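K.L.:
Here you go, one structure.
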Amino acid sequence: MKPVRVRFAPSPTGALHIGGVRTALYNYLLARQTGGTMILRIEDTDQERFVPGAEQYILDSLRWAGIEIDEGVGVGGPHAPYRQSERKELYGRYAQQLIEAGHAYYAFDTEAELDAMRERLKSTGAANQQYGSQTRMSMRNSLALAPEEVNRLLRENTPYVIRLKMPAEGEVKLNDLIRGEVVFQNAQVDDKVLMKSDGMPTYHLANVVDDYLMKISHVIRGEEWLPSAPLHVTLYRLLGWQNEMPQFAHLPLLLKPDGHGKLSKRDADQLGFPIFPLNWKDPKSGEISRGYREWGYLPEAVINFLALLGWNPGTEQELFSKEELVQVFSLNRINKAGARFDIQKAQWFNQHYLRAQPDDVLAGYLLSSLKAHQINCPQDKAVAIAKVLRERVTFPADFWEQGKFFFYPPTEYDPQVVAKKWTSTVAAVLDAYRQEIEPLTTLTHTDAKQKLDEVCARLQAKTGQILQPLRTAITGGASGPDLMVTLEILGPKEVAHRLATALHTIKPIA
RNA sequence: GGCCCGUUCGUCUAGGGGUUAGGACAUCAGAUUUUCAUUCUGGUAACAGGGGUUCGAUUCCCCUACGGGCUACCA
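Residues in the first sequence are numbered consecutively from 1003, following my numbering.
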């Protein structure tokens, strides 16, 4: 495949949605695979919905996910600026070109007039209520009004928009890379607003103009854009750019876990999983949403998970590094149907990638939790704990959650174990064991086991009946990582001390 | 309502005119393990329905149903 020029073009109206990350990822993979260019364009043509901080958030999120931008906002490039608000003048020129060619027109209708039109059409039972070839001549626009009247309105600075004069007949055939040929009747497409009354272009115009100017070869975007694709194709044609028109690929949507509708922040909140890559504080409400990063998801896990949501390699491989994805990704293996979002699978990926980290990285997770709790811990101890916990964690914070007891002696003991197993024999064995351990300066897990076996043999107890009470005495819990290694990490003094406390606290059942 | 898109295990999906319809997550069972977890082994589980076409359809065509998207001077 020839080097592509693809773009991710979010609007800064809030945090970047996880579905947007997938769209960006697919664009990125294709760019890397073909030795092409990944462009980031900010579509900030809606001044009303502009949210401060959103652009930086998008940049930060993409960087975290490992989706590198070659050209665009934050990077620069030959087609700068890449922020549509800074390209404002450009769009008006093309709109003017369309007007002069008779393909667009001024419309002066007020909001109330537009509402009235829709009401009227609804009540007459029209199939649809659009501003288009059927209705445009009965509205207040430069097609229906006398030229003098139009000139007067313009001269008096009456607010206006520029609308595309959609052909009344014919059809648009679109060859979507994912869906194949899709046909739309021109009569079904309305006269979309191209330039808003505030002088800003709408998405439709800006997107076509910029894709053309930036020489975009493939438009890879969500399926929600498919209905407006015929409008875009028409725009390319009327602007005389049909030969430079990019190829389109409309991605299946990410659906709610129950399959009913697009995945939304609401669903994520309700079901308890993140929807944004990073923490996001809504500047209006002040509400903070926890991101994938802060939940403890690793970027490689998120990327792997997202890549497989709607795409598959056609082999039975499930685990892919970003580099492998770059190698094997292809648009024609993208599914057509929407994919439900299954956070359990994301967790499985996370567990996998977390466990694949080297010891010192895992130890680092523990260390940062410890620091937050103002606990000091030597590196080698943290590494030892990380090693023994490695097979048991899904998120970095689990090292702390599951390893707390290394730093805090138990304050209570698992009542089940106590009630069922803490006999006077057990207590006697543990006390004898304590006496064996106490004088030692170091304790290896093999020594710990050997001493335990010795004591058990001497007091005619089975090791099996001692182990769980021993664990409970040391950790408070009924289950956990390898006990002997746990004892080794704790060291003889701490073990003896905890045993003494337990022996003192727990009353034998018989 | 109109237009467009879609439909294989619970979920993500492979496959494709004749297959024991494959894998992964989840789930269940067994083994290993001092516990739990891990790991290993095994199991349950799917072609939305109806018509065609065909010797044969889950696969191709049509219809229906269901689901989704769009229907703003939002993207």
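A virtual CB, placed ideally from N, CA and C, is assigned to each residue, including glycine.
Computed from a predicted structure; not experimentally measured.
1) May I have the straight-line CA-CA distance separating E1073 from I1218, to the nearest angstrom?
2) Does the beta-carbon of E1091 have 16 or more other beta-carbons within 10 angstroms, so that it is buried, or is it exposed?
3) Pick out whichever of Q1404, D1192, E1151 and I1164 has its Cα sitting closest to the Cα of E1171.
4) Under DSSP, the beta strand (DSSP E) around M1040 begins and ends at which residues?
5) Using the Cα positions of P1441 and K1324, report the straight-line distance between them to the nearest angstrom.
6) Please name the residue, chosen from L1372, Y1299 and G1037, that lies closest to P1005 on a Cα-to-Cα basis.
7) Is the beta carbon of H1447 sitting closer than 8 Å to the one on V1487?
8) Any contact of the region 1304-1316 with the region 1014-1028, i.e. 3+ C-beta pairs under 8 Å?
9) Is the separation between the beta-carbon of H1252 and that of R1181 shorter than 8 Å?
10) Determine, using beta-carbon pairs with one atom in the region 1204-1213 and one in the region 1226-1238, whether at least three such pairs fall under 8 Å.
11) Could you tell me which whole alpha helix (DSSP H) segments of length 4 or greater appear in the region 1319-1407?
12) Can you find at least 3 beta carbon pairs, one from the region 1315-1332 and one from the region 1370-1382, that sit closer than 8 Å?
13) Alpha carbon to alpha carbon, how far is D1269 from L1300? Give it in angstroms, no decimals.
14) Would you mind working out which of Y1059, R1034, D1048 and Q1049 sits nearest S1291, comparing C-alpha positions?
15) Looking only at C-alpha atoms, which of L1155, P1417, E1490 and D1449 sits nearest to Q1470?
16) Classify K1464 as helix, strand or coil using the three-state DSSP reduction.
17) Mind checking which residues open and close the beta strand (DSSP E) that includes H1499?
18) Can you confirm whether the region 1256-1264 touches the region 1116-1136 when touching is taken to mean that 3 or more C-beta pairs between the two stretches lie within less than 8 Å?
19) I need the boundaries of the alpha helix (DSSP H) containing E1438, first residue and last residue.
20) Please specify which runs of the alpha helix (DSSP H), each continuous and at least 4 residues long, are wholly inside the region 1216-1269, giving them in chain order.
21) Considering just the uninterrupted stretch of the alpha helix (DSSP H) at D1178, what are its terminal residues?
22) Who are S1291's beta bridge partners in DSSP?
23) For the alpha helix (DSSP H) that A1309 lies in, which residues bound it at each end?
24) Buried or exposed: M1168, going by 16 or more other Cβ atoms within 10 Å of its Cβ?
25) Buried or exposed: N1245, going by 16 or more other Cβ atoms within 10 Å of its Cβ?
26) When you compare the region 1094-1108 with the region 1158-1166, are there three or more beta-carbon pairs, one atom per stretch, that lie closer than 8 Å?
27) Go to Y1108, then tell me how far its beta strand (DSSP E) extends in each direction, as first and last residue.
28) Determine the contact status of D1046 and R1085, defining contact as a CB-CB distance below 8 Å.
29) Are the Cβ atoms of R1034 and V1328 separated by less than 8 Å?
30) CB-CB under 8 Å to M1139, same chain, minus the five flanking residues each way: which ones, in chain order?
31) One question on the structure: do I1491 and I1387 come within less than 8 Å of each other, judged by their Cβ atoms?
32) Quick check: what's the CA-CA separation for S1125 versus K1286?
33) Within its chain, find whatever has a CB closer than 7 Å to the CB of E1173; leave out the 5 residues flanking it on each side and keep chain order.
34) For G1094, name the three-state secondary structure that DSSP assigns.
35) Which word fits G1298, buried or exposed, when buried means at least 16 other C-beta atoms lie within 10 angstroms of its C-beta?
36) Mind checking T1137: buried by the 16 CB within 10 Å criterion, or exposed?
P.N.:
The answer reads as follows:
1) Here the question's residue 1073 lines up with position 71 in the first sequence. Here the question's residue 1218 lines up with position 216 in the first sequence. Distance between the alpha carbons of E1073 and I1218 is about 12 Å.
2) Start at 1 with the first residue of the first sequence, and residue 1091 comes out as number 89. Classification of E1091: exposed, given that the 10 Å Cβ count is below 16.
3) For this step, residue 1171 is matched to residue 169 along the first sequence. Nearest C-alpha to E1171: D1192.
4) To locate residue 1040, count along the first sequence from 1; it is residue 38. T1039 to L1042 is the span of the beta strand (DSSP E), which, as asked, contains M1040.
5) Stepping through the first sequence from its first residue, residue 1441 is reached at position 439. Stepping through the first sequence from its first residue, residue 1324 is reached at position 322. Whole-angstrom Cα-Cα distance: 53 Å.
6) For the purposes of this step, residue 1005 is taken as residue 3 along the first sequence, with counting starting at 1. Here the closest residue by C-alpha is G1037.
7) As a working mapping, residue 1447 is identified with position 445 in the first sequence. As a working mapping, residue 1487 is identified with position 485 in the first sequence. Yes, they are a contact pair.
8) yes
9) Translated into the one-based positions of the first sequence, residue 1252 becomes position 250. Translated into the one-based positions of the first sequence, residue 1181 becomes position 179. Yes, they are a contact pair.
10) yes
11) 1324-1330, 1345-1357, 1361-1374, 1381-1391 and 1400-1405
12) no
13) Translated into the one-based positions of the first sequence, residue 1300 becomes position 298. Translated into the one-based positions of the first sequence, residue 1269 becomes position 267. When rounded, the distance between both Cα atoms is 22 Å.
14) Taking the first residue of the first sequence as 1, we reach residue 1291 at position 289. Answer by Cα proximity: Y1059.
15) Locating residue 1470 in the first sequence gives position 468, counting from the first residue. The shortest Cα separation from Q1470 among L1155, P1417, E1490 and D1449 belongs to P1417.
16) Taking the first residue of the first sequence as 1, we reach residue 1464 at position 462. Note: K1464 maps to coil in three-state DSSP.
17) The residue you call residue 1499 lines up with position 497 of the first sequence. Taken as a continuous stretch (DSSP letters only), H1499 belongs to no beta strand (DSSP E), being part of the alpha helix (DSSP H) at P1494 to T1507.
18) no
19) Start at 1 with the first residue of the first sequence, and residue 1438 comes out as number 436. Run containing E1438: S1426 to I1439, per the alpha helix (DSSP H) assignment.
20) 1231-1240
21) Along the first sequence, one-based indexing puts residue 1178 at 176. Unbroken run through D1178 is the beta strand (DSSP E), E1173 to D1178; no alpha helix (DSSP H).
22) Here the question's residue 1291 lines up with position 289 in the first sequence. In DSSP, S1291 forms a bridge with W1282.
23) Counting from one through the first sequence, the residue named residue 1309 turns up at place 307. Run containing A1309: P1301 to A1309, per the alpha helix (DSSP H) assignment.
24) Taking the first residue of the first sequence as position 1, residue 1168 is located at position 166. With 16 or more Cβ atoms within 10 Å of its Cβ, M1168 is classed as buried.
25) Residue mapping note: residue 1245 aligns to position 243 of the first sequence, counting from 1. Its Cβ having fewer than 16 others within 10 Å, N1245 is exposed.
26) yes
27) For the purposes of this step, residue 1108 is taken as the residue at position 106 of the first sequence. It spans A1106 to A1109 - the beta strand (DSSP E) in which Y1108 sits, taken as one unbroken run.
28) In the first sequence, the residue the question calls residue 1046 occupies position 44. In the first sequence, the residue the question calls residue 1085 occupies position 83. It is a contact, given that the beta carbons lie within the stated cut-off.
29) Against the first sequence, residue 1034 aligns to sequence position 32. Against the first sequence, residue 1328 aligns to sequence position 326. Yes; because the gap between Cβ atoms is below 8 Å, this pair is in contact.
30) On the first sequence, position 137 is the one that residue 1139 refers to. These residues qualify, in order along the chain: L1145 and A1146.
31) Numbered from its first residue, the first sequence carries residue 1491 at position 489. Numbered from its first residue, the first sequence carries residue 1387 at position 385. Yes; because the gap between Cβ atoms is below 8 Å, this pair is in contact.
32) Translated into the one-based positions of the first sequence, residue 1125 becomes position 123. Translated into the one-based positions of the first sequence, residue 1286 becomes position 284. Computed Cα separation, rounded: 39 Å.
33) If you number the first sequence from 1, residue 1173 lands on position 171. Correct list, in chain order: V1185, F1186, Q1187 and N1188.
34) Here residue 1094 corresponds to residue number 92 of the first sequence, with the count starting at 1. In the structure shown, G1094 sits in a helix (DSSP, three-state: H, G or I).
35) For the purposes of this step, residue 1298 is taken as the residue at position 296 of the first sequence. Classification of G1298: buried, given that the 10 Å Cβ count is 16 or more.
36) Sequence index remark: in the first sequence, residue 1137 carries index 135 (1-based). Per the 10 Å Cβ criterion, buried.
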